[in-house]
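The structure under discussion appears below in the form of structure tokens.
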Ligand SMILES: NC(=O)c1ccc[n+]([C@@H]2O[C@H](COP(=O)([O-])OP(=O)(O)OC[C@H]3O[C@@H](n4cnc5c(N)ncnc54)[C@H](OP(=O)(O)O)[C@@H]3O)[C@@H](O)[C@H]2O)c1
């Protein structure tokens, strides 16, 4: 089986490649080798490989950057997924694509269901929604996995920023307490993506994806501030040397230091559908935080 992974150098793409390389013929592409803005290169690349499955983990993920780089965000997150889906349809490949909780406005007070109407409040969310819609419109065999608040033991993510501030700064650290969501470790995300892939393969002897959108995060939810508290608590237990004390983490509100892009205040997603599909009960978000802080702590240990 030939599997293309796009965005192979990203947080998720890297973890997917690690897992897939041991079970299948892997064709990894990073931004240098396959720029999602180059539509004719996308088409030529896919046609020359004739893959069984295309996984798109590539995206323009800077939520604030998208406000000023609107065109690029729409090219990468909106147009390119449609091209990938067209090519998947033409060569009979399945397509797994990732989207975001930011397709929702965050103005309700219960977890979002897959068929709740999206209503993004920023350019990043608009561009990702366009990508979803372009895929669905082609009628190819797709799965769109909406995830949220992705972090890993490396890369530019919330956990990395909190630990970097905690180990290099002194004084108070303000973290917003009025944005609620579900932190999603990249290990969890890659494992569940593989579970979906393997289930489809075992049921269809191919990658005839069920043409569905799923919400894919661990269970539970928290605020950015409480996420940071958990990271600090675990870092202290793992003996990572913090210069900022736990009590110097301060709950703050978004309006005090607003970002360029508006954030949904509540973007928790209901994951019952994917749990039922996989016949699994997902773990709570804390578990992967603990695992990831432990992995980071090992990097701090002297050799
Ligand atoms: N990170 C989150 O908090 C979050 C939340 C919800 C949903 N998601 C979705 O989850 C998926 C995986 O995200 P992630 O956290 O793994 O993001 P990531 O670490 O930023 O990885 C995205 C990858 O795509 C690459 N890329 C950017 N522009 C590209 C282009 N024009 N052509 C080809 N590749 C390009 C990036 O390369 P460069 O780094 O060199 O630009 C990067 O390697 C994405 O679909 C994202 O929208 C992420």
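Numbering (my numbering), first residue to last: 105 to 407.
The beta carbon of each residue, even a glycine, is placed where N, CA and C say it ideally should be.
**Study point:** Anticipated Cβ contact below 8 angstroms, residue 246 with residue 189, distance rounded
**Key:** Looking up residue 246 in the chain shown gives position 142. Looking up residue 189 in the chain shown gives position 85. So it is a contact: roughly 6 angstroms between Cβ atoms.
Exercise for review: Mark residue 312 as exposed unless 16 or more other C-beta atoms lie within 10 angstroms of its C-beta, in which case mark it buried.
Suggested key: In the chain shown, the residue the question calls residue 312 occupies position 208. Exposed, because fewer than 16 other Cβ atoms sit within 10 Å of the Cβ of residue 312.
Point to revise | ligand 1 heavy atom lying under 7 angstroms from the CB of residue 396 | key: Here residue 396 refers to the residue found at position 292 of the chain shown. No; taking the cut-off as 7 angstroms, the Cβ of residue 396 has no heavy atom of ligand 1 nearer than that.
Point to revise | the region 244 to 263 contacting the region 282 to 300, beta-carbon criterion three pairs below 8 angstroms | key: yes
Review point. Tell me which same chain residues have a C-beta within less than 6 angstroms of the C-beta of residue 317, skipping the five on either side of it?
Key: Along the chain shown, read from residue 1 onward, the residue named residue 317 stands at position 213. Same-chain partners within the cutoff: 218, 248.
Point to revise | Candidates 296, 391, 372, of which the one nearest residue 208 by Cα | key: Locating residue 208 in the chain shown gives position 104, where the first residue counts as 1. That would be 372, whose Cα lies nearest to the Cα of residue 208.
**Study point:** Proximity to residue 203 [Cα-Cα], best of 251, 285, 139
**Key:** The residue labelled residue 203 in the question sits at position 99 within the chain shown. Nearest C-alpha to residue 203: 251.
Check your understanding: Under a three-way DSSP split, which group does residue 313 fall into?
Key -> Residue mapping note: residue 313 aligns to position 209 of the chain shown, counting from 1. In the three-state scheme derived from DSSP, where H, G and I count as helix and E and B as strand, residue 313 is classed as coil.
Point to revise | Endpoints, alpha helix (DSSP H) assigned at residue 194 | key: Along the chain shown, one-based indexing puts residue 194 at 90. 184 to 195 is the span of the alpha helix (DSSP H), which, as asked, contains residue 194.
Exercise for review: Using the DSSP secondary-structure output, state which residues sit across from residue 160 in a beta bridge.
Suggested key: Along the chain shown, read from residue 1 onward, the residue named residue 160 stands at position 56. In DSSP, residue 160 forms a bridge with 110, 201.
Practice item. Give a yes or no on contact between the region 138 to 158 and the region 347 to 355, applying the rule of three or more CB pairs nearer than 8 angstroms. Key: no
Check your understanding: Going by DSSP, which residues form a beta bridge with residue 289?
Key -> Numbered from its first residue, the chain shown carries residue 289 at position 185. Paired residue(s): 255.
Check your understanding: Does the region 167 to 177 touch the region 323 to 336, meaning 3 or more C-beta pairs lie closer than 8 angstroms?
Key -> no
Check your understanding: Short check: CB of residue 111 to CB of residue 161, under 8 angstroms?
Key -> The residue given as residue 111 occupies position 7 in the chain shown. The residue given as residue 161 occupies position 57 in the chain shown. Yes, the pair counts as a contact, with Cβ atoms nearer than the cut-off.
**Study point:** Contact between the region 379 to 392 and the region 226 to 233 (3+ Cβ pairs under 8 angstroms)
**Key:** With fewer than three CB-CB distances shorter than 8 angstroms, the region 379 to 392 does not count as touching the region 226 to 233.
Check your understanding: What residue range is occupied by the uninterrupted alpha helix (DSSP H) comprising residue 120?
Key -> The residue labelled residue 120 in the question sits at position 16 within the chain shown. In this chain, the alpha helix (DSSP H) harbouring residue 120 covers 115 to 124.
Review point. Any idea if residue 167 is buried or exposed, counting beta-carbon neighbours within 10 angstroms, 16 or more meaning buried?
Key: Here residue 167 corresponds to residue number 63 of the chain shown, with the count starting at 1. Buried: at least 16 other Cβ atoms inside 10 Å.
Exercise for review: Assuming residue 231 contacts residue 319 (C-beta within less than 8 angstroms), just tell me the rounded distance between them.
Suggested key: For the purposes of this step, residue 231 is taken as residue 127 along the chain shown, with counting starting at 1. For the purposes of this step, residue 319 is taken as residue 215 along the chain shown, with counting starting at 1. Contact doesn't hold; Cβ gap of about 19 angstroms is too wide.
Check your understanding: Under the rule that 16 or more other beta-carbon atoms within 10 Å means buried, what is residue 404, buried or exposed?
Key -> Taking the chain shown and counting its residues from 1, the one referred to as residue 404 is at position 300. Exposed, since its Cβ has fewer than 16 Cβ neighbours within 10 Å.
Practice item. With a floor of 4 residues, list each alpha helix (DSSP H) that falls wholly inside the region 219 to 269, ordered by position along the chain. Key: 227 to 242
Exercise for review: Return the chain-ordered list of same chain residues with a C-beta closer than 7 angstroms to the C-beta of residue 115, the five sequence neighbours on each side being excluded.
Suggested key: Here residue 115 refers to the residue found at position 11 when the chain shown is read from its first residue. Only residues of its own chain outside the window of five on either side were considered, and among them 254, 256, 259, 261, 290 have a CB closer than 7 angstroms to the CB of residue 115, listed in chain order.
Review point. Can you tell me where the alpha helix (DSSP H) with residue 393 in it begins and where it stops?
Key: Within the chain shown, residue 393 is the residue found at index 289, counting from 1. Run containing residue 393: 390 to 404, per the alpha helix (DSSP H) assignment.
Review point. Can you name the start and end residues of the alpha helix (DSSP H) that residue 410 belongs to?
Key: Past the boundaries of the shown model lies residue 410; the chain is included only from 105 to 407, so the question cannot be answered.
Point to revise | Status (buried if at least 16 other CB within 10 Å, exposed otherwise) for residue 307 | key: One-based indexing of the chain shown puts residue 307 at position 203. Looking at its Cβ environment, which holds fewer than 16 other Cβ atoms inside 10 Å, residue 307 is exposed.
Practice item. Excluding the 5 residues preceding and the 5 following residue 216 in the sequence, name in chain order all residues of the same chain whose CB lies nearer than 8 angstroms to its CB. Key: In the chain shown, residue 216 corresponds to position 112, counting from 1. Counting only Cβ-Cβ distances below 8 angstroms, and skipping sequence neighbours, we find 205, 208, 319, 371, 372, 373, 374.
**Study point:** Exposed unless 16 or more other CB atoms sit within 10 angstroms - verdict on residue 280
**Key:** As a working mapping, residue 280 is identified with position 176 in the chain shown. That one is buried.
Check your understanding: How many Å lie between residue 402 and residue 278 at the Cα?
Key -> In the chain shown, residue 402 corresponds to position 298, counting from 1. In the chain shown, residue 278 corresponds to position 174, counting from 1. Roughly 27 angstroms between the two C-alpha positions.
Review point. With respect to the alpha helix (DSSP H) encompassing residue 379, which residues constitute its N-terminal and C-terminal limits?
Key: Along the chain shown, one-based indexing puts residue 379 at 275. The continuous alpha helix (DSSP H) containing residue 379 extends over residues 376 to 382.
Exercise for review: May I ask you to report which of helix, strand or coil DSSP gives residue 178?
Suggested key: For the purposes of this step, residue 178 is taken as residue 74 along the chain shown, with counting starting at 1. Looking at residue 178 - three-state DSSP - the assignment turns out to be helix.
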